[in-house]
Amino acid sequence: MLVVCELMLEEMAKYLEIFLIESNAHWLRLNFVRIHQKSFQNDKLLKLQEWCNDILVKYPNKIFESEEFTSLQENALVSLIKRDDLQMEEVKIWNYIIKWGIAQNSELSSNPEDLSNENFLALKSTLKNCLPLVRYFQMPGGDIYDHIQPYQQILEKNLWEDLVKRHMTPDRPISSVVLPPRVILTQELPHRSTEPFSNVINEEHAAEIASWIDKKADTYSMTNNPYEFKLLFRGSRDGFTRDSFWNLCDKQKNLVIVIKVKDTDEILGGYNPIGWDKALYGLKSCKESFTFSLKNCAVQSSILSRVKDTVNAIHCSKNSGLIFSCSLYMYNSNRNNRCYCYEETSFYEKLIREKSTYVSSCSFFSVEEYEIFQIHEKTI
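Start counting the sequence shown at 4; every next residue gets the next number (my numbering).
This is the structure:
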């Protein structure tokens with residue numbers, strides 16, 4: 004498609020964009036970072052750019068916290084921060100803009116106290132297309148003082164004066180443009196969808212998992228669950244391979260994993276608040292992780308197994324998938340979707356499968372479906 008664009012075959016390029024988005028979204032998701040990067044290298048791939056940004060406004064950490072963030076093209080950054088529906092606090096947007104600007108000028112220090120007048124001018128020039136898109140007047144005074152004030156030299160003089168005036172004497176008129184607050188997407192959806200949010204668990208299961216996360220003695224009801232479960236990954240949609248897992252879940256945090264065991268009524272899973280890191284091979288410390296088996300028809304009661312060995316709670320390996328050390332392993336290669344549990348309780352408190360299923364210290368099973376949710380506190 005890039006070749007088609009280079010040859011100025013615009014109609015064919017538009018057709019290929021639509022075909023990819025409508026018929027090959029799965030492939031686009033698996034290659035998201037590369038697709039995002041390439042689409043913004045050509046100013047004619049507008050539909051792909053929009054498709055990428057529609058995802059990033061909902062999951063901004065996918066780009067802002069990625070290793071590729073500081074090498075992001077300016078037009079890609081500008082197109083994202085100009086969106087009214089970017090789901091990120093304004094002060095965080097500001098801090099990431101500063102981080103990006105400093106990265107484009109290798110001689111600049113990340114400490115504003117070390118910057119000279121010439122350094123501030125260089126930073127201002129680099130960020131000239133980003134600075135007007137920040138919603139300064141939607142930020143609280145504390146954020147203005149702590150984060151904007153150290154870099155006030157890169158703002159236009161009248162803008163800084165208006166910011167001070169607005170917070171000291173809010174009734175006085177100002178001349179600066181006041182951009183509207185960003186739209187919180189959850190406010191646009193007051194009604195619940197009739198579609199089930201999961202192929203594996205129901206709302207009652209989600210409420211029980213939420214109560215475990217908050218270490219509640221009593222289980223949350225379905226109506227007072229404080230967390231929203233946002234689907235990040237689904238095996239039947241995104242593929243059961245380890246490449247699929249790493250492409251969509253690498254470095255993501257606050258993850259709830261649920262697994263439907265094939266040919267049984269079991270639902271197994273775990274909670275990992277710190278995430279998995281493909282670049283790291285080895286163990287990660289975590290005090291809040293746990294694994295579980297959920298009550299479901301033939302399964303009489305749920306099992307919660309909290310971490311015991313917090314230093315070795317989570318294991319990272321690019322050659323496997325998700326691993327809760329010595330409790331739940333998903334060694335999804337690029338050929339199968341197999342899992343196993345260890346007959347070992349030195350890392351986590353309990354076995355999450357019947358002891359009779361263990362052979363030679365392991366309990367193997369195939370996966371019918373598995374999903375990974377990222378949990379967020381509900382805002383309404």
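For each residue, glycine too, the CB sits at the ideal point set by N, CA and C.
Cβ pair residue i, residue j closer than 8 Å
i: Tyr330; j: Tyr351; result: Looking at the sequence itself, residue 330 is Ser, so the reference to Tyr does not match. Contact flag set, yes.
i: Ser292; j: Val314; result: no
i: Phe295; j: Ile306; result: yes
i: Lys321; j: Ser349; result: no
i: Glu20; j: Lys50; result: yes
i: Trp97; j: His150; result: yes
i: Ser369; j: Tyr345; result: no
i: Asn108; j: Leu136; result: no
i: Gln141; j: Pro176; result: no
i: Gln44; j: Gln76; result: yes
i: Leu158; j: Leu134; result: yes
i: Leu297; j: Ile204; result: yes
i: Ile84; j: Ile101; result: no
i: Lys386; j: Ser308; result: Any property of residue 386 remains undetermined from this structure, which presents the chain solely from 4 to 383.
i: Leu80; j: Trp54; result: no
Distance between residue j and residue i (C-alpha atoms, nearest Å)
i: Pro63; j: Gln255; result: 11 Å
i: Glu191; j: Glu206; result: Reliability fails at Glu191, whose pLDDT of 43 lies under 50, so the model's placement of it is uncertain and the value that follows must be treated cautiously. If you take the alpha carbons of Glu191 and Glu206, they lie about 21 Å apart.
i: Asp165; j: Ser178; result: 7 Å
i: Asn228; j: Glu211; result: 9 Å
i: Arg245; j: Lys265; result: 19 Å
i: Phe22; j: Gly324; result: 31 Å
i: Cys252; j: His29; result: 15 Å
i: Leu162; j: Phe67; result: 26 Å
i: Thr222; j: Glu374; result: 22 Å
i: Val36; j: Lys233; result: 20 Å
i: His379; j: Tyr274; result: 13 Å
i: Ser113; j: Asn122; result: 11 Å
i: Pro199; j: Arg237; result: 13 Å
i: Lys281; j: Leu31; result: 20 Å
i: Glu372; j: Gln156; result: 54 Å
i: Lys160; j: Leu130; result: 16 Å
i: Thr267; j: Ile216; result: 26 Å
i: Ser82; j: Leu182; result: 16 Å
i: Phe367; j: Lys41; result: 41 Å
i: Asn78; j: Tyr230; result: 34 Å
i: Gln152; j: Leu124; result: 16 Å
i: Glu347; j: Ala316; result: 13 Å
i: Met225; j: Lys381; result: 13 Å
i: Lys219; j: Ile187; result: 29 Å
i: Met333; j: Asp46; result: 41 Å
i: Ser196; j: Trp249; result: For Ser196, the pLDDT reaches just 47, beneath the cut-off of 50, and the residue's location in the model is therefore unreliable, although a value from the coordinates is still provided. Between Ser196 and Trp249, the C-alpha separation is close to 29 Å.
i: Pro173; j: Gly144; result: 12 Å
i: Lys65; j: Ser239; result: 22 Å
i: Ser247; j: Lys61; result: 20 Å
When the options are compared against residue i, the one with the closest alpha-carbon
i: Ile262; options: Leu31, Lys50, Phe376, Tyr99; result: Phe376
i: Ser201; options: Ile270, Pro173, Val186, Tyr223; result: Ile270
i: Trp168; options: Leu75, Tyr223, Ile147; result: The question names Trp, yet the displayed sequence has Lys at residue 168. Checked all of Leu75, Tyr223, Ile147; the closest Cα to Lys168 is Ile147.
i: Leu59; options: Lys47, Asp87, Asn45; result: Asp87
i: His318; options: Trp279, Ser239, Trp54, Thr129; result: Trp279
i: Leu235; options: Thr172, Ile260, Asp57, Lys290; result: Ile260
i: Gly285; options: Asn299, Leu258, Phe327; result: Phe327
i: Val180; options: Ile105, Tyr139, Asp174; result: Tyr139
i: Ile105; options: Asp57, Pro143, Tyr154; result: Tyr154
i: Asn257; options: Asn250, Ser239, Ala213; result: Ala213
i: Ser304; options: His39, His208, Asp57; result: His208
Cβ-heavy atom distance, residue i to the ligand ATP, below 7 Å
i: Glu346; result: As far as ligands go, the structure on display features none, and thus does not contain the ligand ATP.
Chain C contact for residue i (CB, 8 Å cutoff)
i: Gln155; result: Annotation note: the requested chain C is absent from the structure, which comprises a single protein chain.
Beta strand (DSSP E) segments (min. 3 residues) lying fully within the stretch 225 to 312: 230 to 237, 258 to 264, 270 to 275, 285 to 287, 293 to 296, 306 to 309
Given 8 Å, three or more beta-carbon pairs between the stretch 79 to 91 and the stretch 112 to 124: no
Three CB pairs or more closer than 8 Å across the stretch 233 to 244 and the stretch 71 to 88: no
Within the stretch 98 to 135, ranges of the alpha helix (DSSP H) (whole runs, at least 4 residues): 120 to 129
3 or more residues per run - each beta strand (DSSP E) lying fully within the stretch 311 to 373: 317 to 319, 331 to 333, 341 to 345
Whole alpha helix (DSSP H) elements within the stretch 143 to 193, 4-residue minimum: 160 to 171
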